[in-house]
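Protein chains in written order, with my numbering: chain A, 1109 to 1203; chain B, 53 to 468.
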Amino acid sequence: MIIDHPLLGPRDAAEFVYLGDAGLIDRPDWQAGDAARRFDDYLHLRDNPAGEHRELWFHEQGDRSWLVVTRDTLTHEIVRVELARDVALARGRDR
Amino acid sequence: MRYSALQILRQGLTGNRGWKPLWREPQPKQRYDIVVVGGGGHGVATAYYLAKAHGLTDVAVLEKGWLGSGNAGRNTTIIRSNYLLPGNQAFYEFSMKLWEGLERELNYNAMVSQRGIVNLFHNDPQRDAAARRGNAMALAGIDAVLLDREALQRKFPVFDFDNERFPIKGGLWQKRGGTARHDAVVWGYARGADRRGVDLIQNCEVTGFDIRGGVCRGVETTRGAIGANRVAVCVAGSSGRVMGLAGLRLPIESHVLQACVTEGLKPVIDGAITFGAGHFYVCQSDKGGIVFGGDLDGYNSYAQRGNLPTVEDVCEGGMALMPAIGRARVLRMWGGVVDMSMDGSPFIDGTPVDGLYFTGGWCYGGFKAIPAGGYCLAHLVATGAPHPAAAAMRLDRFATGAVIDENGAGAQPNLH
Ligand SMILES: Cc1cc2nc3c(=O)[nH]c(=O)nc-3n(C[C@H](O)[C@H](O)[C@H](O)COP(=O)(O)OP(=O)(O)OC[C@H]3O[C@@H](n4cnc5c(N)ncnc54)[C@H](O)[C@@H]3O)c2cc1C
Chain A
1109 MIIDHPLLGP
1119 RDAAEFVYLG
1129 DAGLIDRPDW
1139 QAGDAARRFD
1149 DYLHLRDNPA
1159 GEHRELWFHE
1169 QGDRSWLVVT
1179 RDTLTHEIVR
1189 VELARDVALA
1199 RGRDR
Chain B
53 MRYSALQILR
63 QGLTGNRGWK
73 PLWREPQPKQ
83 RYDIVVVGGG
93 GHGVATAYYL
103 AKAHGLTDVA
113 VLEKGWLGSG
123 NAGRNTTIIR
133 SNYLLPGNQA
143 FYEFSMKLWE
153 GLERELNYNA
163 MVSQRGIVNL
173 FHNDPQRDAA
183 ARRGNAMALA
193 GIDAVLLDRE
203 ALQRKFPVFD
213 FDNERFPIKG
223 GLWQKRGGTA
233 RHDAVVWGYA
243 RGADRRGVDL
253 IQNCEVTGFD
263 IRGGVCRGVE
273 TTRGAIGANR
283 VAVCVAGSSG
293 RVMGLAGLRL
303 PIESHVLQAC
313 VTEGLKPVID
323 GAITFGAGHF
333 YVCQSDKGGI
343 VFGGDLDGYN
353 SYAQRGNLPT
363 VEDVCEGGMA
373 LMPAIGRARV
383 LRMWGGVVDM
393 SMDGSPFIDG
403 TPVDGLYFTG
413 GWCYGGFKAI
423 PAGGYCLAHL
433 VATGAPHPAA
443 AAMRLDRFAT
453 GAVIDENGAG
463 AQPNLH
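This is the structure we're talking about:
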């Protein structure tokens, strides 16, 4: 697989480390009343779709940036690559 | 037809014209007492034990392709019970005991071969960890032997014991571990279930569940709706997809695991071996092919094929352990979609939907679990209570904190 890094251009996926579902960006509020349940959900339960999947990859052997890669889990085709920072900011996080 | 030496002789003398198909090809009925979804090892074993141990024969197994077309037909056939944690030990040892009597039980040659499994270690901390695991196994009544370098050298002259970076210091040996013929296990259980009246329905994909008022009353399939009082889902790599149809999210990610086999060679590897310093494990099939694999590719996948960097990494491990493997030619390589759970251990449990049961999270190690997995799921479906050997394999164990994490890797499926 080739990941088209937004800053560095096409890079071999072997340079990256995979974390998982990009939903991991949306960390629950630890002060919420039902924080324990929300964290169980956040840490352990997954949609695990067959098809389009947004996921976090870390460019460990490169510029050490986190990326959100949109990839088809049936074909391994990558359709979009974004900086995780941009995605997090767009979702209202402060960094 | 009962199989025996006499039968082989009789058939041989009459031109082998009398062999019968192993199972019927029934049309699906409109309803069953119990529907099992998925005709891999766990599905057919569950159906077998429902009929055999509980006398429940109004049962259908619905398989979207052919029986054994999933991971049951793609694994590297290693069986063992060398686990560290109590939640796993009783279960896998129960499975090992069932393997030991399986062929007599099924009247079918599953080629169970207790040729042993050795986990190699290469430094002092690894030796300590192996000794700890071996002691835990011995305390649980499971056989374990710590082999030193000299004993291993006699057993495996082909290994590179003096590799500069990863010298072999010893290994943890489970003598009763070994291999079995993957397809034959499925066929043997399927034949046994069919003979007791279970309908095995192939080319029948489950596309939805009939859930009303929190109760599962049947399934939708590509061959029409089928009613059922109880539904047991055994779909391994497709767990997330299928349970999603029932509105459930699971502590599971689907990942691809690859394996390779070489051309047939003379016997060179006595048992199954795992390399302790890289992602490589190996055994030799009865035909002589060297069967080997390593780690997951590491990303979510339903593709049943992986990428070359992982194969390269596995082959590097192989070259470090046994440089002679570099002369062998790989004949085939393939991938299977494995249901990686958040702690690397499986589930055999009910669900929030009444009448809907689930087994999964088998990761890369559910082949050896087929006998006990089928037995325990059948017990749960038939009696409503978990079998003691599988009592820890609950779906809510992350919420309660009772995780079974053999590697201590945390909720990161690609690290288990
Ligand atoms: C390369 C590789 C090597 C492995 N090596 C080992 C090993 O050495 N030792 C070991 O113990 N384990 C090993 N495993 C793991 C083991 O193969 C699996 O954990 C085990 O086979 C899973 O259980 P199963 O046999 O029931 O799954 P499967 O055979 O995958 O059965 C699931 C079935 O469900 C069917 N299905 C899916 N969706 C539907 C639907 N909607 N409707 C109807 N049917 C459906 C599928 O077609 C499939 O036949 C390995 C796996 C792989 C991929």
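Backbone N, C-alpha and C define an ideal beta-carbon position, used for all residues, glycine too.
Interface annotation, threonine 1178 of chain A: not in contact with chain B, CB-CB separation never under 8 Å.
Checking the 7 Å criterion, the Cβ of lysine 116 of chain B is within range of a heavy atom belonging to ligand 1. Contact of aspartate 1148 of chain A with chain B by beta-carbon distance below 8 Å involves Phe450 and Ala451.
Look at asparagine 123 of chain B: its C-beta is not under 8 Å from any C-beta on chain A. Among the CB atoms of chain A, none fall inside 8 Å of the CB of glutamate 272 of chain B.
Under the 10 Å beta carbon count, glutamate 364 of chain B is surrounded by fewer than 16 other beta carbons and is classified as exposed.
Any Cβ of chain B closer than 8 Å to the Cβ of glutamate 1163 of chain A would place that residue at the interface, and such an atom is present. Exclusion of the five residues before and after serine 291 of chain B leaves Leu302, Ile304, Asp391 and Gly412 as the residues of its chain whose Cβ lies within less than 7 Å of its Cβ. Under the three-state reduction of DSSP, threonine 98 of chain B is assigned to helix. Boundaries of the beta strand (DSSP E) harbouring isoleucine 1111 of chain A: 1110 to 1113, taken from the DSSP string. Look at the stretch 334 to 359 of chain B: the residues with a C-beta under 7 Å from a C-beta of chain A are Gly350, Tyr351, Asn352, Ser353, Tyr354, Ala355 and Asn359. Within chain A, the C-beta atoms nearer than 7 Å to that of arginine 301 of chain B come from Leu1153, Arg1154 and Asp1155, in chain order.
For alanine 1122 of chain A, the closest Cβ of chain B is nearer than 8 Å. In the structure shown, proline 80 of chain B adopts coil according to DSSP, grouped into three states.
For the pair alanine 232 of chain B and isoleucine 263 of chain B, the CB atoms are not nearer than the 8 Å cut-off. In the structure shown, the three-state DSSP call for aspartate 176 of chain B is helix. Minimum Cα-Cα distance from alanine 236 of chain B among the listed residues B:Phe419, B:Asn171, B:Cys428 and B:Ala442 corresponds to B:Phe419.
Distances taken from the Cβ of leucine 309 of chain B to the heavy atoms of ligand 1 include one shorter than 7 Å. Annotation for leucine 61 of chain B: the continuous alpha helix (DSSP H) segment containing it runs 57 to 65. Relative to ligand 1, the beta carbon of threonine 435 of chain B is positioned no closer than 7 Å to any heavy atom. Note that the C-beta distance between cysteine 335 of chain B and glycine 323 of chain B is below 8 Å. The stretch 133 to 150 of chain B makes no contact with the stretch 276 to 283 of chain B: fewer than 3 CB pairs, one atom from each, lie closer than 8 Å. Interface residue (Cβ-Cβ distance to chain B less than 8 Å): leucine 1182 of chain A is classified as such. For proline 361 of chain B, a Cβ of chain A is located within less than 8 Å of the residue's own Cβ. Using a cutoff of 7 Å, the CB of glycine 418 of chain B counts as near ligand 1, since one of the ligand's heavy atoms is closer than that. Secondary structure remark: continuous beta strand (DSSP E) runs of at least 3 residues inside the stretch 310 to 334 of chain B, in chain order: 324 to 326. Of the heavy atoms belonging to ligand 1, at least one sits nearer than 7 Å to the Cβ of histidine 94 of chain B.
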